[in-house]
Structures are given as C-alpha cells and as structure tokens.
Amino acid sequence: MIPRISQAPHVSEVAQKFLDTLKEQGFTGDVASSYADRLTMATDNSIYQLLPQAIVFPRSSADVVLLARVAGEKEYQNLTFTPRGGGTGTNGQALNDGIVVDMSRYMNRILEINPAQGWVRVEAGVIKDQLNQYLRPYGYFFSPELSTSNRATLGGMINTDASGQGSLVYGKTSDHVLSLRAVLLGGELLDTRAMDIVQAESIAQEDSVTGRIYNTVLSRCREQRELIVEKFPKLNRFLTGYDLRHVFSDDMRKFDLGRILTGSEGTLAFITEAVLDITPLPKVRRLVNVKYDSFDSALRNAPFMVEAKALSVETVDSKVLNLAREDIVWHSVKELITDIPNKDMQGLNIVEFSGDDQPLIDRQVETLCQRLDELMDGNQAGIIGYQICRELADIERIYAMRKKAVGLLGNSKGAAKPIPFVEDTCVPPQYLADYIVEFRQLLDSHHLNYGMFGHVDAGVLHVRPALDMCDPQQEILMKQISDEIVSLTARYGGLLWGEHGKGFRAEYSPAFFGSILYEELRRIKAAFDPDNRLNPGKICPPMGVDAPMMKVDAVKRGTYDRTIPINVRNTFRGAMECNGNGLCFNFDVKSPMCPSMKVSQQRIHSPKGRATLVREWLRLLTEQGVDPTLLKQGLEQKRPSLRGLIEKTHNSWQAWRGEYDFSHEVKEAMSGCLACKACSTQCPIKIDVPSFRARFLELYHGRYFRPLRDHIVASAESSTPLMAKVPRVFNFFLKQPWIQELSRRTIGMVDLPLLSSPTLPQQLAGHYALSTTLEQLEKMEQAHRDEHVLIVQDPFTSYYDAKVVADFAYLVEKLGYKPVLLPFSPNGKAQHIKGFLSRFTKTAKKTSDFLNRVAELGIPMVGVDPALVLCYRDEYKEILGEQRGKFEVQLVHEWLINTLPEKSDHEEKSGDKWYLFGHCTEVTMLPGSSQQWGKIFHRLGSKLDNISVGCCGMAGTYGHENKNIEHSIGIYKLSWQPALQKLPLERCLSSGYSCRSQVKRIEGQVLKHPLQALLEIIP
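Be aware that the sequence shown starts at 1, since it is given in full-length UniProt numbering, and climbs by one per residue.
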C-alpha cells in the first residue's frame, strides 16, 4: 500500500507571521503557503528549481505598498522578496527561496488608453497578447515581440527588457516605456518618467529614499559616462542589467530613472504599473518564407534579406522544422511551407515586410523575389525555393509555429533534452554566421545534438544543446560549455544574454561589465535595496554586502529528478518531461488548453503544475523506498481482504481528521482536471495529464476510499443499459426535487441527465439497422457488405441522446448505404478518467476483441461522439499496446469526407449558414476536423462557419459533480456563452454530447449534432 507522505518542508515561523500580519492589516489579495502552491512557483521556463517560502498575490498597487511597508518592519528584516510575472523566464530570473510576489493573478487590468497621444497605462500582470487584443480595435499594438507573448506579462517583459522578432525596427521593451510606478521596500512609491536634468537634480536633493536613489544614479552615471559609452556594446540588443547607457539621453539633457528599472529583474523595486508607448498597426504585411539546403546557407543569406529593407528576418533550422512536422502546429502551416520535391529543406528564413504603403511593400517583395529567382537559377546561396504569405491569418500561423519552436525542441526523443543556458547569445549581425560556425564546432566537439532558431537580423540566435540534467556528468558539462560560450561570445564582441535577461547567469556579469562598472551596479543596487532583500543573487549584490550570487551550476530540476528510478520516470513520462515552457498558461479563453487553469487562475490546476506535483510525489515515494510500478502490480494481484479494508478505513478516517499527506495536495490538483486531453496535443511536449492522473488515482485510492460517485460513474456503462429498459420510471424519480437534493448531498452529483424516451430501439423499431445481425453480414459477399455502415454505440448518445444515433442511421440511409447498429459494448473511458485502470484494462481488452472481430467484415465502423471514439485510438493504445489490435472506428465526419463526392450537385443556398462549436478533444486531437466538416457542408450546398471557442466546461461527468459546478459554468462563460449569444441557437451545432448537454443545462435549448443538420439539408 502506498505510504503517507508527511515530510513536506514547512514555512518558517517568521514567514507565516508575515502572511498573518498582511491579512490582519487589510491585504486584499491571496496568500498561499501549501507545499503544492510553493512547488508550482519553484520552477519557471528554466532548468532550475528553488522552493519559495510562500506566495502572495496582490490585487492592486495599494496591496503592494502594504506588503512592502510590512516587509520593512524590523522583525521581518530577514525575509526576501521576488516579484514574478508569467513565469516564462529561461534562466531562473524569478526563482528564489523567499516570498514570491505574483502580479499575474489579479494585477492584470488595462487602466487607461490615449489613442490620440499613442499610449496605454497597464498593471504589471497584463499579458502581452491580452494588451494587443485590447489595442487592435484602436489600430495600435505593443510592438516588442517575444515567443511567449500569450502568457508573458508586461511586468516580466519590463523586468527583463524583453524583445524578439522585429527588434531591429521596433527596439526593446525599454524603448517603449514612458513611465513606471514602482514600490520600494519599505512602502515608498517611486514614479519614473523622462525629465529634464534640472528636475532630476532637484529630486536628488530631497531627503528621502527617492532622493537618495536619484542622487546615486545621477552622480554615478554622469561620472562614469565615458566608460559606460565605451563599454556598452553597440548592439541592437544592448547590455541589460541596470541600463546605465540610456539613463541619460545622448545630449545629456534628459534623464529617465525608468531605464535603470527596465532589465533589473525585480532586484530594485516592485513594478506595479507602466505607461507604454504604442505603435500604429501596419496596414500591409507580407511574409516571404525562403527555403535553404542548409542552415549555414540560411544564416549567411540573412544579411541580404535585411538589406532588402525587411522588418525582420527570423531563421529556423531543420531540427525545429522536423519537430514541427510531428506537432499539431504543422497542420496549420504545411501549405505555407511546402517541401520542395527531391530537395531536403534544412533551413528556413522568415522575412517580413510591413508598413502602410502597399505599392512600396509590394515592390520590395517583388525585388526580393526576383533576386531569389536569380540566385536559384544560378544554384547560389543554397536557396531551393520560397513562398509568399499575403493574408494576415497565414502570417500569424507562420509566427505561431516559430513561437512554438522552444517547446518543440523540448519534445526531442531521448533522455537528453535541448535546454536553455546559452540560448540567447547576441553578436553583431555581420559576424553571426562565422560565430555560429565556431559555436557549432564547440557543441560538435562534445558530440551534442542541438536546435537553432532566432532573430538573425539582430544577431541573436537561440541555441539549445541537448543535455540530460539527470546525469551528473552532463550537468558538469553544461557549466563547462557555459564558460566556453562566454569566452567565444566575448571574442566576437557580443553578449551572453541578448534577449532573456541574466538570472542565474549573473555570475558572468563582472566579465562583461568590467570591474569598475560592476562596482557602479552595486552602488545602484545599494541605493534601492541596501539590505539585499529583493531577488537576491541576481544582477549583483549591493555595495557593502558580501552576499553570494546565484550560479549557473545551482540546484536544478534534474538534481531532484535523478533520484527517481528510471523505470518510474518512463512510466510517468508525461510528468517527468514537462520543461516548464508554460504554454498551458495561455490567457486566450478561445484556446482549448487547460480550462481548469483559465477559470481558477491557480497554477496547481495547469498541466505544468500537475506535472510538478507528480514529479515531487514520485521523488518522495522514492525516498521512502517505494516503487510505484511495483505498487501497481501489487494492487492488481491483491485480493480484497478484511485487513485491507480496516487499513483503508483507518487511513481515510485519519485523512478526514486532517492528518497531512502530500498525496492529498496532488489529489486536489488532479481532481480539477477535466480530462479534455487538450494538453496531450496543444502542449509542445505532449504532456498528457489524464494519462498520469489515472495512474496516480489508482495508487492513491489503494490507500484511501473513493467517493461513492466515482464508483457510480465507473459503473455507468453497466447500469445505464439496464435503466434504459424502463426510462420513464427512472426519469420520473430523477425529476423529483428531493431526489436531486439527495443526489447532491449523498453522492455529490447534480443535474443528472434524463434517459432518452423513446429509447434508441424504439426509435429504430423495425428498421434495417436493428434487424440485421453480424451473423447475417458474415454470410454476405463482400460486394454486399460494402453497402453497409456499422454504427458503434457509446453510452451517452445511445442512452441519453438516442435521437442523434437514430438520425445518423437515417443519414446513412439517405446517402445510399445500409446502417447496422452494433451491439453495445462498454468503452470504459469513465473508468480511465477515475483511475480504475485495472477495470479499464479489462473493459478495453474485451471491447477491442469484439471490434477486431467485427473489423474482419471489412465494413466501416462509425461512432458519433468524439470523446468516446478517440478513446479507442488513444487510451486503448496506451493501456493495451499491441493487444489493442488494428480495428478502426471512424467519426462521422471522417466517414462522410471519404463518402461524399468532391463535387456537389447542390447549389449553395444564400443565407443558409450553420455554426460549428468544436468539441475540445476532437479539435485538438483531430485539428482538421472543423475544416472537414466545412467541406462536407459545402459539398451539400450549405455553408458552415467554425466558431473558435475553448472548452464548454462539461467534460463528461466533470460538470455533473457538485464540487465542480462553479468552475464548470465558469468555463462555459469564458468562451461558449459569449459566442452563442451572438448567434441563432437553432443554427448552432456541436458534435460532442457533453457540449450539447452543457448548452441544454444553461441555455435550456438543445444544439444539433452536425449530422442532424445534414439530415435536414439533404433532400
């Protein structure tokens, strides 16, 4: 039996007292100190892991002022604080062992916009894409770009002075910061903006913390101006840290203290608000995707693209391209980056032209393409082809693929994974190709694999060597390579950190700044944070404080993971391989990824959070000498016994009384998962939470009793067919308020669906679909069998939405085929979701055997519900392996797309439009499904619009569990409800039974399955 895990590290008494004091004094935000919450903040998008004492989530600048004021009290002087945004840092910028101040949960309001003057005022937790979505109707955007723009906060961008694609024209984040509001430790507000030197000097005379800061920065930057200008590299990605170079204007008449804060990584103050310069949206954008026979050719040809007056030139190597081909993202771009016959594409340059003058931009594109044609005709520059993108949607799809490059690299096969530590080096663009040749020689000398992509126009290339951080020798090699790349980059006059900030790499700062300027950095740090309490160990320590810096070879996730046996790591691969890229934090409510994270705003309810907790759970089990794989075998072989029942009763009683077990925290995180499986395709690493959740639940409930509802849900496929024999009787009782209340109180289930009445057999009474048996089909010639379609039943539509199945039979008949209803065979998905893996294995084996026998008839098998049909392909394959067999069950649209003729005999009817709301599992596992439905409708003379939405919030039985009802409805309100309110419900369609059930519950109206609309369309 799985042991109780009680050795979670405690929060220190002083930290707990600080949290209590905060709440007592009116802090309106949240505080979190559970081990699970702290673990989710112990990692970011880097390889490091550092457990904080606690996390606070302020709701406003006033909360941050209160926090900073209380922190200034003497009894809390040993506490340290680290501001945190989206958690997308690649070098541990926001990791520390003190108290994390997370701005992303609540401080995400856009406060004010002035389109006439071209600025917007925002809180630090606003996400970059969220801001641009808001600005679009005004004709503006916030131009600094980065690959994590759908989850990176503006506060984080300011703190790392982020930039990316287009920086040659648009610059870095600091170039767009007009003013900042920051809070100093102690509670004093600091507002910055560009001002005349005279005004700055006046502030410097004040007897205040702000006066001291202005005095220090003014005097030190003025005294060292000549050295600063000489030392700071002449690069588009200028040296970040404390930006001594740009605190003064070039003519020395203006002073902006905000330049010191941008890039400071939270080491000086808490940045809470910013006024940002915004850029008019270009009216015209064009993209030229240039293909090469080698990555070196792409690099060496890039300067030519820049000379063609391109806005930006992005490059991608073959490693990233090949990984993209294996990902869901390739479906959206494969027509825009087609392969060249008989030629191997080894590199890609993505060249953008942008502006308001369309004739000019068209001429620029034409001139470039003419030159590319000349080079290809002469077999020069390694160019093998190019394609032009003129539509905005196509351009955005290309960039979505490019943005996903970081995550895609993390999905490389094997234990060694491409990791960030030298991933944003920057050298003068004219030296980039030669620099990369040496860079590659260095990595090749260590026999390492790596992927490359980046901004060649700015001389920045992202390079991620593949290393196994669970191998101590490779961890040592990582530090060795870091040292070598520092030396190499310095020789080319470049920077180790051209884009992502320093973080744990700040130990190299003295080498880049030089001893004199490094001392100046320390003086500035001392003026802001003399006691080294803000994100200590980053950038530099304050003058007068002998404090260690974070190190590149600090404790990493691999340090903990390597203690877990390899066989266990392989069994829980999804949890182990999460690299922290954080795509599951995507703010867009129309994205299907992780609805539980979107509605709760709690990172324990994200794929990354759940993976983090499971990794720690496995590590703690290993410490106790427990192998979960052996434990599972024991559970499968163990027979029920009185002793086992007594033990489980004791354990469950102790849990009810509040006895601590870290497993409870993991269980809480797992319980919020909707099992939509979007993570298994949308995540670049393919983190399949439902898979490892099922394994966890099976082991967890080897120690603790399951709630009654789990047993009811897992047995539904056995009980429902019996209930359906007398549906009116059961429906009568299910409608009674006292039964509904009893269900809510005793088993925690609400809004239980009514059985179909008339039943499916009654609706098809006397129909060919019921009267034909498998035995009859076996005796037919194959030619006659080919006239048939076999309908695979599932428990939801067959028994709760039978009209859909009946209508499919009639649709099949209308199309000239003979439908045959297969006998119902349990699918078992509910068992998998609830972690009854042994039972699920038996169910899957029995149904697989049945469907494999049926498949021998050579007749198409079709099911109507995506979640259940896709279970045959995914969970069955995972749990059974080769035993699953080769049977195939198609979804309705898959059968129709191959059945209906390409050219329709029907003319498209004007105004006859339908709207498809995709089932989240279907649209993520089958990304072409919506387009295929559109083609089907088109062939039948009708138009279908695909409505972009996320999850509906029902997800099988999730939305019927009382503990989930608030989140279930909340998820529905994020995207489904707003979209449905704009459309006629009678024209809205959904293929998912859960989706239709959710709409019926909330809107009181039933959506049709697309097949039912087709039944109406076909004469």
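Every residue, glycine too, gets a C-beta built ideally from N, C-alpha and C.
Length of the line joining the Cα atoms of residue i and residue j
i, j, result
"Asn349", "Val329", "18 angstroms"
"Ala526", "Leu19", "26 angstroms"
"Pro595", "Ile971", "6 angstroms"
"Asn535", "Lys556", "18 angstroms"
"Arg709", "Val789", "36 angstroms"
"Ile936", "Val726", "38 angstroms"
"Ile481", "Gly98", "30 angstroms"
"Glu475", "Arg523", "34 angstroms"
"Arg225", "Tyr138", "40 angstroms"
"Asp588", "Asp327", "20 angstroms"
"Arg222", "Ile388", "50 angstroms"
"Ser202", "Ser219", "13 angstroms"
"Arg505", "Ile687", "28 angstroms"
"Ser606", "Phe585", "7 angstroms"
"Ile564", "Val64", "40 angstroms"
"Cys578", "Val568", "15 angstroms"
"Gly537", "Ser671", "37 angstroms"
"residue 1070", "Asn827", "Residue 1070 is absent from the structure shown; the chain starts at 1 and stops at 1019."
"Asn159", "Asp661", "37 angstroms"
"Gln35", "His10", "First, the amino acid is wrong: residue 35 is Tyr here, not Gln. The straight-line gap from Cα to Cα measures roughly 8 angstroms."
"Ile965", "Ala200", "56 angstroms"
"Lys502", "Ile539", "7 angstroms"
Element boundaries [beta strand (DSSP E), containing residue i]
i, result
"Phe730", "Careful: Phe730 lies outside any beta strand (DSSP E), inside the alpha helix (DSSP H) at Pro727 to Leu734."
"Val999", "Note, Val999: premise wrong, no beta strand (DSSP E); alpha helix (DSSP H) at Tyr993 to Glu1003."
"Met452", "Tyr450 to His455"
"residue 1038", "As shown, the chain starts at 1 and ends at 1019. That puts residue 1038 outside it, with no answer to give."
"Glu335", "Run containing Glu335: none; DSSP gives neither H nor E here."
"Lys283", "Per DSSP, Lys283 belongs to no beta strand (DSSP E) and is neither H nor E."
"Tyr915", "Lys913 to Phe917"
8 angstroms Cβ cutoff met for residue i and residue j
i, j, result
"Glu778", "Leu851", "no"
"Leu837", "Leu517", "no"
"His919", "Pro866", "yes"
"Met550", "Gly87", "no"
"Gly835", "His650", "no"
"Ala806", "Leu868", "no"
"Ala694", "Gly609", "no"
"Glu273", "Glu123", "yes"
"Trp119", "Leu257", "no"
"Thr847", "Ser825", "yes"
"His455", "Gln165", "yes"
"Arg59", "Gly29", "yes"
"Leu645", "Leu811", "no"
"Ile791", "Val729", "no"
Beta-bridge pairing of residue i - partner residues as DSSP gives them
i, result
"Asn114", "Trp119"
"Glu778", "BP columns for Glu778 are empty, so no partner."
"residue 1021", "The chain is shown only over 1 to 1019; residue 1021 falls outside these bounds and no answer can be derived."
"Phe57", "Asp30"
Run of the alpha helix (DSSP H) containing residue i, from where it starts to where it stops
i, result
"Ile383", "It is not in any alpha helix (DSSP H) - Ile383 instead sits in the beta strand (DSSP E) that spans Ile383 to Cys389."
"Arg193", "Premise fails: Arg193 lies in the beta strand (DSSP E), Leu189 to Arg193, not in any alpha helix (DSSP H)."
"Arg464", "Segment Val460 to Leu467 is the beta strand (DSSP E) holding Arg464; no alpha helix (DSSP H) there."
"Trp976", "Ile965 to Gln981"
"Trp497", "Looking at the DSSP string, Trp497 is not in any alpha helix (DSSP H), and its letter there is neither H nor E."
"Val666", "Phe662 to Ser671"
(request) Decide yes or no for the touch test of the stretch 427 to 446 against the stretch 397 to 417: beta carbon pairs closer than 8 angstroms, at least 3 of them. (result) Output reads no: the stretch 397 to 417 does not touch the stretch 427 to 446.
(message) Does the contact criterion of 3 or more C-beta pairs under 8 angstroms hold for the stretch 872 to 888 versus the stretch 835 to 845?
(response) Taking a contact to require three or more Cβ pairs closer than 8 angstroms, the stretch 872 to 888 and the stretch 835 to 845 qualify as touching.
(message) Taking contact to mean 3 or more Cβ pairs, one atom from each stretch, closer than 8 angstroms, check whether the stretch 285 to 299 and the stretch 410 to 426 are in contact.
(response) Because the criterion of three Cβ pairs below 8 angstroms is not met, the stretch 285 to 299 and the stretch 410 to 426 do not touch.
(message) I want to know whether the stretch 675 to 682 touches the stretch 924 to 943 - three or more CB-CB distances under 8 angstroms.
(response) A contact exists between the stretch 675 to 682 and the stretch 924 to 943.
(request) Determine contact between the stretch 244 to 261 and the stretch 557 to 574, defined as no fewer than three beta-carbon pairs at a distance below 8 angstroms. (result) No, because fewer than three Cβ pairs between the stretch 244 to 261 and the stretch 557 to 574 fall closer than 8 angstroms, the two stretches do not touch.
(message) Quick check: the stretch 212 to 223 against the stretch 293 to 301, are at least 3 beta-carbon pairs closer than 8 angstroms?
(response) Touching, no, given that fewer than three Cβ pairs across the two stretches are closer than 8 angstroms.
(message) Check whether the stretch 122 to 129 and the stretch 153 to 168 are in contact - that is, three or more C-beta pairs closer than 8 angstroms.
(response) Using a Cβ-Cβ distance cut-off of 8 angstroms, the stretch 122 to 129 and the stretch 153 to 168 are in contact, since at least three pairs of beta carbons, one from each stretch, lie closer than that value.
(message) Within 8 angstroms, do at least three Cβ pairs link the stretch 335 to 351 to the stretch 300 to 320?
(response) Enough Cβ pairs lie closer than 8 angstroms, so yes.
(request) Take every Cβ of the stretch 970 to 984, pair it with every Cβ of the stretch 940 to 956, and state whether three or more of those distances are shorter than 8 angstroms. (result) Verdict: yes, contact present.
(request) May I ask you to verify whether the stretch 753 to 773 touches the stretch 803 to 821, counting CB pairs closer than 8 angstroms and requiring at least 3? (result) Short answer: they touch.
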